[in-house]
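Mapping of the sequence shown onto mature numbering (1 follows the signal peptide of the UniProt record, and there is no 0): residues -35 to -1, 1 to 278, in sequence order. Each residue gets a CB set at the ideal place from its N, CA and C atoms; glycine is no exception. The structure displayed is predicted, hence computed values, not measured ones. What follows is one structure encoded as structure tokens, with my remarks underneath.
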Amino acid sequence: MILDLNTMKRFSFKYPYITSALVSGLLLASPVANAQEIIPLYTAAVPNSKASDVQESAERGMFRGVTKPTLEYFKPAADKASGAAVIIIPGGGYSVVVYNGEGVGTAKALAEKGIAAFVLKYRLPSDAIMADKKIGPLQDAQQAIKLVRENAAKWGLDPGKIGIMGFSAGGHLASTAATHFEKAYVDNASNTSLRPDFQILVYPVISMRDSLTHGGSHDALLGKNPSRADIDLFSNELQVRANTPPTYLTHAADDKLVDVDNSIAYFETLRRQKVPVEMHVYPKGDHGFIFRHPGWMEPLFAWMKANNWLTAN
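Here it is in structure tokens:
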């Protein structure tokens, strides 16, 4: 993806927080800067893929056209390691992956607190590369959970402290993984649990219903005229059950891109199902507020500590 001036204007209109992040300097020049380990998500054929001439591209810390998904592992210092791990899913409206600003930057902050962080570079929904674009991103999220859990001993992790974290459309994907884990969309002959132990959702798209959804994410994932069944299946406020993982939500009340009612609707459904949930709403900050509120992670770390996910093994 070449981000010339016209492209930047289009992204500024559709995803203003992306431009804000670029201007802030929080996105690094290379999307794999300071990589500790890049791990292919699949060792065999990528499921649900078809032959295409789509080429992956990267510019200013963002990816598009991903056909070979990966995890980038950020390992905490041995004297800080808690045994907890978080799989980070950056946003980008299911059209790009805002890899550095929401992925790498967050991973470094988590690792500093003793949390093993894995940034997911996932396939974006595309009829050009997938037989069924609706499930492609979910397959990658499930495979990431499976891979981290199955390698927990190797990486010194507690297999019962593996969470998922998503931003914006990445929040939709994270909440999909947290509400659709009982059906495996990837090969899972070993019957490894695909359930995240907790979910952290930051200004997330939750719903695909017209009254709540972000239009760009909706159209990219489901198309412009999806069936009612698909809308309901991927409206994650409708998919909460009593075994949905404990949840941390944060959003800005003045978010003009993804309405805070997404988080509120999810919170209410979780609460009614008696799923432990904590929500922090900033009165101002708009979409992508993490680039303007540098202390936004402190309440998150307090929540993780209170739930013993930051307790050393």
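Best match in the options for proximity to residue i [C-alpha to C-alpha]
{"i": "residue 219", "options": "14, 238, 48, 249", "result": "249"}
{"i": "residue 198", "options": "216, 142, 168, 225", "result": "142"}
{"i": "residue 111", "options": "146, 180, 265", "result": "146"}
{"i": "residue 226", "options": "257, 17, 246", "result": "246"}
{"i": "residue 263", "options": "10, 71, 14, 194", "result": "71"}
{"i": "residue 188", "options": "276, 238, 59", "result": "59"}
{"i": "residue 22", "options": "204, 88, 162", "result": "88"}
C-beta atoms of residue i and residue j nearer than 9 angstroms
{"i": "residue 5", "j": "residue 40", "result": "no"}
{"i": "residue 45", "j": "residue 77", "result": "yes"}
{"i": "residue 133", "j": "residue 202", "result": "no"}
{"i": "residue 172", "j": "residue 192", "result": "no"}
{"i": "residue 56", "j": "residue 135", "result": "yes"}
{"i": "residue 79", "j": "residue 49", "result": "yes"}
{"i": "residue 100", "j": "residue 139", "result": "no"}
{"i": "residue 35", "j": "residue 86", "result": "yes"}
{"i": "residue 167", "j": "residue 52", "result": "no"}
{"i": "residue 74", "j": "residue 122", "result": "no"}
{"i": "residue 160", "j": "residue 208", "result": "yes"}
{"i": "residue 275", "j": "residue 244", "result": "no"}
{"i": "residue 222", "j": "residue 184", "result": "no"}
Which residues DSSP lists as bridging residue i, in chain order
{"i": "residue 24", "result": "27"}
{"i": "residue 5", "result": "35"}
{"i": "residue 182", "result": "Note: residue 182 sits in no beta bridge, so no partner."}
{"i": "residue 14", "result": "95"}
Per-residue DSSP class, three states only, for residue i
{"i": "residue -29", "result": "Caution is warranted here: a pLDDT of 38 is assigned to residue -29, below 50, making its placement in the model unreliable, and the coordinate value is therefore given only provisionally. It is helical."}
{"i": "residue 171", "result": "coil"}
{"i": "residue 256", "result": "helix"}
{"i": "residue 150", "result": "coil"}
{"i": "residue 262", "result": "coil"}
{"i": "residue 136", "result": "helix"}
{"i": "residue 177", "result": "coil"}
{"i": "residue 166", "result": "strand"}
{"i": "residue -7", "result": "Note that residue -7 scores 35 on pLDDT, short of 50, meaning its location in the model is unreliable and no value can be drawn from it."}
Cβ-heavy atom distance, residue i to the ligand PLP, below 8 angstroms
{"i": "residue 54", "result": "The ligand content of the structure shown is nil, which means the ligand PLP is not present either."}
Enumerate, from N- to C-terminal direction, the unbroken beta strand (DSSP E) stretches of 3 or more residues contained entirely within the segment 38 to 89. At a cut-off of 3 residues, the continuous stretches assigned as beta strand (DSSP E) that sit fully inside the segment 38 to 89 are 50 to 54, 81 to 86.
Where in the segment 109 to 134 do unbroken runs of the alpha helix (DSSP H), each at least 4 residues long, occur, reported from the N-terminal end onward? Counting only runs of 4 or more, we get 117 to 120.
Segments assigned beta strand (DSSP E), at least 3 residues, entirely inside the segment 193 to 239: Counting only runs of 3 or more, we get 212 to 217.
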